[in-house]
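Read the structure below first, then the notes.
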Amino acid sequence: MNKKERFQAVREKRAPDFMPVWPRVQSQMLFSYGYRLPEVTGQDWYDSEKVTAAVLKSIKEIDYDMAIPSYVDYGFGVPPLGGKIWIPDKFGVAAGTSEDQPVKTKADWPRVKKMMATYDVKKHDPRMAGCLEVMKNISAEVGDVMPLVPMYYVGTTAAMFLFRPNEAFLEDLFEDPEWVKDMVEVATDWAIDWISAQYDAGANSICFTAETMGTLMMSPKMCEEFNLPCIKKLVDEVRKRHGQATWLHIHGNMQTPKAYDYLTKLVKEAGVEGFHFDENCPADWIKREVVDKLGTPACIITDGAAIAKGPAEKIDEAVKNDMTKIGDGLGLMMAPSCQVLPATSNEHFKAWVDATHKYGKYPLNQK
Amino acid sequence: MADFPELTQAVINGNAKKVLELVNIELGKGAIPQSLLTDYMIPGMLHVGQLMQEGEYFIPEVLRSAKAMRGALELLEPMLAKGADRKSEGYVVIGSVDGDIHDIGKNLVAMLLKGAGFEVNDLGVSVKTETFLDAVKARDGKVILGLSALITPTLDEMQIVINALKEAGLRERVKVMVGGAPVTREFAEEIGSDGTAEDAAAAVTLAKQLQLS
Numbered sequence: 036m037n038k039k040e041r042f043q044a045v046r047e048k049r050a051p052d053f054m055p056v057w058p059r060v061q062s063q064m065l066f067s068y069g070y071r072l073p074e075v076t077g078q079d080w081y082d083s084e085k086v087t088a089a090v091l092k093s094i095k096e097i098d099y100d101m102a103i104p105s106y107v108d109y110g111f112g113v114p115p116l117g118g119k120i121w122i123p124d125k126f127g128v129a130a131g132t133s134e135d136q137p138v139k140t141k142a143d144w145p146r147v148k149k150m151m152a153t154y155d156v157k158k159h160d161p162r163m164a165g166c167l168e169v170m171k172n173i174s175a176e177v178g179d180v181m182p183l184v185p186m187y188y189v190g191t192t193a194a195m196f197l198f199r200p201n202e203a204f205l206e207d208l209f210e211d212p213e214w215v216k217d218m219v220e221v222a223t224d225w226a227i228d229w230i231s232a233q234y235d236a237g238a239n240s241i242c243f244t245a246e247t248m249g250t251l252m253m254s255p256k257m258c259e260e261f262n263l264p265c266i267k268k269l270v271d272e273v274r275k276r277h278g279q280a281t282w283l284h285i286h287g288n289m290q291t292p293k294a295y296d297y298l299t300k301l302v303k304e305a306g307v308e309g310f311h312f313d314e315n316c317p318a319d320w321i322k323r324e325v326v327d328k329l330g331t332p333a334c335i336i337t338d339g340a341a342i343a344k345g346p347a348e349k350i351d352e353a354v355k356n357d358m359t360k361i362g363d364g365l366g367l368m369m370a371p372s373c374q375v376l377p378a379t380s381n382e383h384f385k386a387w388v389d390a391t392h393k394y395g396k397y398p399l400n401q402k
Numbered sequence: 075m076a077d078f079p080e081l082t083q084a085v086i087n088g089n090a091k092k093v094l095e096l097v098n099i100e101l102g103k104g105a106i107p108q109s110l111l112t113d114y115m116i117p118g119m120l121h122v123g124q125l126m127q128e129g130e131y132f133i134p135e136v137l138r139s140a141k142a143m144r145g146a147l148e149l150l151e152p153m154l155a156k157g158a159d160r161k162s163e164g165y166v167v168i169g170s171v172d173g174d175i176h177d178i179g180k181n182l183v184a185m186l187l188k189g190a191g192f193e194v195n196d197l198g199v200s201v202k203t204e205t206f207l208d209a210v211k212a213r214d215g216k217v218i219l220g221l222s223a224l225i226t227p228t229l230d231e232m233q234i235v236i237n238a239l240k241e242a243g244l245r246e247r248v249k250v251m252v253g254g255a256p257v258t259r260e261f262a263e264e265i266g267s268d269g270t271a272e273d274a275a276a277a278v279t280l281a282k283q284l285q286l287s
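Those protein sequence lines, which keep their order, are chains A and B.
The first sequence begins at 36 in our numbering and counts up by one.
The second sequence begins at 75 in our numbering and counts up by one.
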């Protein structure tokens, strides 16, 4: 099987030859190549050659089963709206937003909303244009045998990253919910355009979107009110425009009844095809309650501390242990923890991927 | 649901207008400012912390209650300062470590600590080691130092601050609590801190334990 066929088997809950592995975020790839973020990007520039080289090297050396060149950068789109992004000089941290966001008070919103109406996601932000260049380069290099996935945030997460300082946005949720809905709608439309641009540049697989506030920062009720309609819109548009399904990264413990009810609605009402959770959801629960009960493929999260600390033998053991908890393992993919230390060496990631391929051979756990 | 006095319930509901209105009414009737804080508002914030631990409240709800509390505290603080018997649960210096500009988690902990009766000196974000040390030195007796980080590369700074406390001979009288999404119990032990907590509400419990230890 090639990597695309392997991922397709996961999506259809058929047995692949072995369990595929979701890649680590781009900033980790850059660091492992020897770059720090200020060497590859600024407020209004993006060195697509350097980023391409780092991503390709990481794919080849570590043997990830998927590539997501735009994952993860919280600052796309912000500088042209008047905000200033944070480009950390510490190793392996993604570009992020700061307090200096475009919408400091509600009085800024009409101006920013007007700018959003004419925002050309392919041209207005040189960082995004550079990222599209990377997508083109990676597409040309990996061809159609590897899933090349577009990525951006949705709903409240997209609105917060694009427009508002974090804490102010969390207060807006209570103090001005109608305004939040307006921001969320505008941000989601922009996100759909940005994802479309990534498809135009060469993405060839599912859409990957993320709602990182999830049930970690918001109640399931709020998620349902503010995010469910946006996620449905994004899923529908991506299917209509590009014929692709959507996987969702969501933070928080989804095991409580209210959170699980929201999860069910994400599948049944919004049409999400697959999930990438965080460390709050254990592998056996994901297999039982998400893959088998909801019929939805998902990623299991490995022990981030093991990958970060090593040595290779411990990582091998952690992955071997993961594999004993997931029954037949159908519909599952291995993913890294959100909390893996960026300074984690390539050797550790390689040991993790190799162990997944070794212990994740199908059929799994035959009695 | 437990039946709380109106002022306590208003804090729990995060109704800033109502909290302020009730505090003014009670003051007009001659209520003691310290009693309004200790007997009504702090129990409200403690219940908010409990609701967060139970998964009923999330960050926006806690922020709303903390904001309601803060509004009333601004009114009460000058009166409390005049009173000689202001009770304090302890003194906390808190900040996000050098290189980390994230502050939601740190602010939540600071607000819940204030709500629970601690004096809190919030140094803000990306705080240099020497600034933490200066703040500790400026206060005699036991100090709880809260170090926050959201992003993993700045975790190293926590170890640097703890080492600096030792070198300055301050470690004995300072209890260090560390927190933030990437902080695990193992990490907290490894760097020689005095503990970590799973969420902002649990951080208040930890601070109380550290104060008594």
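Yeah, the Cβ is synthetic: ideal placement off N, Cα and C, and Gly gets one too.
Remember, it's a predicted structure, so these values are computed and weren't measured experimentally.
Asked, Found
"What residues from the region 197 to 218 of chain A come within 7 Å of chain B, judged by C-beta to C-beta, listed N to C?", "N201, E202, L205, E206, L208, F209"
"For G254/B and I103/A, what's the separation of their Cα atoms in angstroms?", "27 Å"
"Kindly indicate which three-state DSSP category H392/A falls into: helix, strand or coil?", "helix"
"Under three-state DSSP, which class holds A274/B?", "helix"
"Going along chain B in order, which residues have a C-beta closer than 9 Å to the C-beta of S254/A?", "G129, E130, Y131, F132, P134, E135"
"Terminal residues of the continuous alpha helix (DSSP H) containing A347/A?", "347 to 358"
"May I ask which residues mark the beginning and end of the alpha helix (DSSP H) holding Y297/A?", "292 to 303"
"Look at L205/A and I178/B and say whether their C-beta atoms are less than 9 Å apart.", "yes"
"DSSP has G220/B in a bridge; who is on the other side?", "I168/B, M251/B"
"So, does the region 178 to 195 of chain A touch the region 221 to 237 of chain A, judging by three or more C-beta pairs under 8 Å?", "yes"
"How about K300/A: is its C-beta nearer than 9 Å to some C-beta of chain B?", "no"
"Assuming the contact rule is C-beta atoms closer than 8 Å, M218/A and F198/A should be a hit. Round their C-beta distance to whole Å, please.", "6 Å"
"Short check: CB of Q285/B to CB of K216/B, under 9 Å?", "yes"
"Span of the alpha helix (DSSP H) holding Y234/A?", "212 to 235"
"Answer with yes or no whether the minimum CB distance from D177/B to chain A is below 9 Å.", "yes"
"Out of curiosity, what's the CA-to-CA distance linking I336/A and V215/A?", "32 Å"
"When you compare only the Cα positions, how much space is there between T76/A and E193/B?", "42 Å"
"In terms of DSSP beta bridges, what is N195/B paired with?", "V167/B"
"Report the CB separation of W57/A from M369/A in whole angstroms; it is logged as a contact under 8 Å.", "7 Å"
"Quick one, are the C-beta atoms of M181/A and D100/A less than 9 Å apart?", "yes"
"Does the region 286 to 296 of chain A come into contact with the region 246 to 260 of chain A, if we say contact requires no fewer than three beta-carbon pairs (one atom in each stretch) closer than 8 Å?", "yes"
"Check W57/A in the structure and name its three-state DSSP category.", "coil"
"Assuming Q233/A contacts M151/A (C-beta within less than 8 Å), just tell me the rounded distance between them.", "Not quite, the Cβ-Cβ distance comes to about 18 Å (not below 8 Å), so this is no contact."
"Using DSSP with H/G/I as helix, E/B as strand and the rest coil, what is Y68/A?", "helix"
"Taking the straight line between their C-alpha atoms, what separation do you get for S240/A and K85/A?", "24 Å"
"To the nearest angstrom, how far is the alpha carbon of L72/A from that of H121/B?", "43 Å"
"Is it right to say S174/A is buried, meaning 16 or more other beta carbons lie within 10 angstroms of its own, or is it exposed?", "buried"
"Taking only the alpha-carbon atoms, compute the straight-line gap between V307/A and D108/A and give it to the nearest angstrom.", "22 Å"
"Along chain A, which residues have their Cβ under 7 Å away from the Cβ of R144/B?", "None at all; the shortest Cβ gap to chain A is about 12 Å."
"For Y81/A, name the three-state secondary structure that DSSP assigns.", "strand"
"With a threshold of 16 other CB atoms inside 10 Å of the CB of S67/A, please say whether the residue is buried or exposed.", "buried"
"Pair every Cβ in the region 236 to 255 of chain B with every Cβ in the region 85 to 104 of chain B, then say whether three or more of these pairs are closer than 8 Å.", "no"
"Can you give me, in chain order, the residues of the region 128 to 150 of chain A that have a beta carbon less than 7 Å from any beta carbon in chain B?", "V128, S133"
"Please decide whether K141/B counts as near chain A, where near means a Cβ-Cβ distance under 9 Å.", "yes"
"Using 9 Å as the threshold, is the C-beta distance between E246/A and I285/A below it?", "yes"
"Round the Cβ separation of M251/B and L229/B to the nearest angstrom and send it over; I've been treating them as touching at under 8 Å.", "With 8 Å as the limit, M251/B and L229/B do not qualify as a contact, their Cβ atoms being about 14 Å apart."
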